[in-house]
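Encoded as structure tokens, the structure appears first; notes follow it.
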Amino acid sequence: MVGFLTTIFNWAQGILGLPATSLADALPWWDILWAFIYFVGAVILLIINVIMLIWIERRAAGFFQERVGPNRVGPLGLLQTVNDTIKLLGKEWIMPAAADKLIYLIAPLLIVTISVTMYGLLPYGPGITPVTLNVGILFFLAISSVNTLSVLMAGWGSNNKYSLLGGMRTVAQIISYEIPMALSIIGIVMITGSLDLGTIASSQAHVWNVFIQPVAFVIFVISALAELTKSPFDMTEAEQEFVAGYHTEYSGIRFTLFFMGEYANLFSMSALGVVLFFGGANGPFLPPWVWFIGKTYVFILFMLWIRWTFLRIRVDKMMKFNWKVLIPISLANLLLTGVGIKIWQAATGAIKW
Amino acid sequence: MAKQFGTLFLFLAGGFVLSLVIVFVNWLLRPRNPNVAKSRTYECGLETEGPTWVQFKISYYLYALIFVVFDVEVVFLYPWAAAFKSAGLLPFVEMAIFIGVLALGIWFAWKKGAFEWN
């Protein structure tokens, strides 16, 4: 195993043109230990998050619709999701005979892999970022769009007309809304001058970006909802049109994996929103990671509030809204941000004309 | 650098292993009573008719094309944005032209009716 890894490492060094070092020099054992600690921490956080978020979502839905929601299992129904998870772990494997087996089986594994990786990129506080990349935000966006692939694989592999339609629609929606999201983030990058998520978060110690870039914030929230396929953009799960969208044919544990991925992504997308617009882990008195998680949960509640308040919009209107409203506005916002920064720099004498 | 990418690799590999472990636990615990009716394609109880993998509506393809064009340009915008503050006025003018080309692209697709969903 170690010999195999060493070979891969030397090969990668050769490709990247780096000076040759041994694997043990580049990766001492304490770094490997830290990587494992971070990984276990991220997985524990992910599982707690998923359990809490499903409970919060169901309770919040009950609250918004003037009913009670789950309240029998455990205090306030807190153990309902644990109960459901244990039940789902003991479910039978049902795979449609007509399915494209390999694609059908890999799709749910992929979505969980991606959501675990996204947890590794978030800056939970100064010094508690599992993976600090100098192109963090770009990598985050790139890896989050791999989810599209998983949706497409599920839709295609199921060999079911509803699944395929749902999958195709979801892919069209996710890729379309990725553009305004990326454009709205560029404004933040211009102000911060860094692509590293930790630097973006710590640069907002005095003023949160939401006050500097309000238009970008609105665009970000709308496109984040669309990326997560939450209502009013839940064309994916338009029950009246196609049964359950791309995961119609998934049941038992594979459905659980999709559900897990979806809620894990809800957290990481909200966390990205907090990092970009609400100062990340900055805050007085409490430890930074408490601020980070707290802010993220407030952001999630805000998303749920939108989700349970607005009605689903029609698919053609959704696409038109994206291409004809959101993208022109975000381009204009980009130009305005550029002009604003240059005027501010000229006023403070940072640049000479 | 090796530390960061090593951790990243661990997250990717570990995430995959985690999902495999969950599936494996289910494989151990599952009841086994297969039935032909269970593994039929579920389309609201009716027998499925005709192949699923057929030629698909052209609008999806158009959106995908426009998406590729825009996403590549957005990737070009990121390094520019990161260096924006430290650079002078010239990059700004250049990027205004670049965004102008982007806007022209949108306008063209708009006039061609690529954003209409029929």
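If you read the protein sequences in the order shown, they are chains A and B. If you read the first sequence in the numbering used here, its first letter stands for residue 954, the second for the next number, and so on. If you read the second sequence in the numbering used here, its first letter stands for residue 4, the second for the next number, and so on. Backbone N, C-alpha and C fix where the C-beta goes; we use that ideal spot for every residue, glycine too. Quick caveat: nothing in here was measured; it's all calculated off a predicted structure.
Any beta-carbon of chain B closer than 8 Å to the one on residue i?
| i | result |
| --- | --- |
| Glu-1045 (chain A) | yes |
| Phe-992 (chain A) | yes |
| Pro-1079 (chain A) | no |
| Leu-1284 (chain A) | yes |
| Met-1272 (chain A) | yes |
| Lys-1114 (chain A) | yes |
| Ala-1014 (chain A) | no |
| Lys-1054 (chain A) | no |
| Pro-1076 (chain A) | no |
| Val-1104 (chain A) | no |
| Ile-1206 (chain A) | yes |
| Ile-1128 (chain A) | yes |
| Asp-1037 (chain A) | no |
| Pro-1185 (chain A) | no |
| Leu-1322 (chain A) | Residue 1322 (chain A) lies beyond the residue range present for chain A, which begins at 954 and ends at 1306; the question has no answer from this structure. |
| Lys-1295 (chain A) | yes |
| Pro-1281 (chain A) | yes |
| Lys-1277 (chain A) | yes |
Which term fits residue i, buried or exposed, when burial requires 16 or more other beta carbons within 10 angstroms of its beta carbon?
| i | result |
| --- | --- |
| Glu-1019 (chain A) | exposed |
| Thr-1209 (chain A) | buried |
| Tyr-64 (chain B) | exposed |
| His-1200 (chain A) | buried |
| Leu-1287 (chain A) | buried |
| Leu-2 (chain B) | Residue coverage of chain B in this structure runs from 4 to 121, which leaves residue 2 (chain B) outside it and unanswerable. |
| Asn-1235 (chain A) | buried |
| Leu-107 (chain B) | exposed |
| Val-1084 (chain A) | buried |
| Gly-1291 (chain A) | buried |
| Glu-1202 (chain A) | buried |
| Ile-1275 (chain A) | In the sequence on display, residue 1275 (chain A) carries Asn and not Ile. Buried is the call here. |
| Ile-1144 (chain A) | buried |
Counting contacts by CB-CB distance shorter than 8 Å, is residue i in contact with chain A?
| i | result |
| --- | --- |
| Glu-50 (chain B) | no |
| Gln-58 (chain B) | no |
| Phe-100 (chain B) | It should be noted that the sequence gives Ile, not Phe, for residue 100 (chain B). Chain A, which has no Cβ nearer than 8 Å to the Cβ of Ile-100 (chain B), makes this no. |
| Lys-88 (chain B) | yes |
| Gly-17 (chain B) | yes |
| Ala-46 (chain B) | Per the sequence presented here, residue 46 (chain B) reads as Glu, with Ala not at that position. Glu-46 (chain B) counts as touching chain A. |
| Leu-41 (chain B) | Per the sequence presented here, residue 41 (chain B) reads as Lys, with Leu not at that position. True, the Cβ-Cβ gap to chain A drops below 8 Å. |
| Leu-107 (chain B) | no |
| Lys-6 (chain B) | yes |
| Val-28 (chain B) | yes |
| Gly-9 (chain B) | yes |
| Leu-93 (chain B) | no |
| Leu-68 (chain B) | no |
| Ile-25 (chain B) | yes |
| Val-77 (chain B) | yes |
| Phe-14 (chain B) | yes |
| Phe-73 (chain B) | yes |
| Phe-145 (chain B) | The question about residue 145 (chain B) has no answer, for chain B in this structure spans 4 to 121. |
Mind the definition here: the segment 1139–1156 of chain A touches the segment 1074–1081 of chain A only if three or more C-beta pairs lie below 8 Å; say whether that holds. As far as the Cβ criterion goes, the segment 1139–1156 of chain A touches the segment 1074–1081 of chain A, which means the pair count is three or higher.
Does the count of Cβ pairs from the segment 4–18 of chain B and the segment 984–997 of chain A closer than 8 Å reach three? Cβ pair count under 8 Å is three or more, so yes.
Does the count of Cβ pairs from the segment 1097–1104 of chain A and the segment 989–1005 of chain A closer than 8 Å reach three? Short answer: they don't touch.
Could you tell me whether the segment 1263–1280 of chain A touches the segment 1160–1169 of chain A, using the rule of 3 or more Cβ pairs below 8 Å? With the rule of 3 Cβ pairs closer than 8 Å, the segment 1263–1280 of chain A does not count as touching the segment 1160–1169 of chain A.
Considering only residues of the segment 1054–1081 of chain A, which uninterrupted alpha helix (DSSP H) runs meet the minimum length of 4 residues and lie entirely inside it, listed in chain order? Within the segment 1054–1081 of chain A, the complete alpha helix (DSSP H) runs of at least 4 residues are 1054–1074.
With three or more beta-carbon pairs closer than 8 Å as the criterion, would you say the segment 12–28 of chain B touches the segment 1057–1070 of chain A? Yes, the segment 12–28 of chain B is in contact with the segment 1057–1070 of chain A.
I want to know whether the segment 1174–1190 of chain A touches the segment 1108–1128 of chain A - three or more CB-CB distances under 8 Å. Counting Cβ pairs under 8 Å, three or more are found: they touch.
With contact counted as at least three CB pairs below 8 Å, one residue from each stretch, are the segment 73–81 of chain B and the segment 96–114 of chain B in contact? Between the segment 73–81 of chain B and the segment 96–114 of chain B, the count of C-beta pairs closer than 8 Å reaches three or more; the two stretches touch.
Report the start-end ranges of each alpha helix (DSSP H) in the segment 1198–1243 of chain A that is 4 residues or longer and not cut off at the edges. Within the segment 1198–1243 of chain A, the runs of alpha helix (DSSP H) at least 4 residues long that lie entirely inside it are, in chain order, 1205–1230.
Please confirm if the segment 1276–1285 of chain A is in contact with the segment 1134–1153 of chain A, defined as three or more CB-CB distances below 8 Å between the two stretches. Contact between the segment 1276–1285 of chain A and the segment 1134–1153 of chain A is present, with at least three C-beta pairs closer than 8 Å.
Are at least three pairs of beta-carbons, each pair with one atom in the segment 1067–1076 of chain A and one in the segment 1026–1036 of chain A, less than 8 Å apart? Fewer than three pairs of CB atoms, one per stretch, sit closer than 8 Å, so the segment 1067–1076 of chain A makes no contact with the segment 1026–1036 of chain A.
Between the segment 25–45 of chain B and the segment 1035–1055 of chain A, do three or more beta carbon pairs fall short of 8 Å? Flag = yes, the segment 25–45 of chain B and the segment 1035–1055 of chain A touch.
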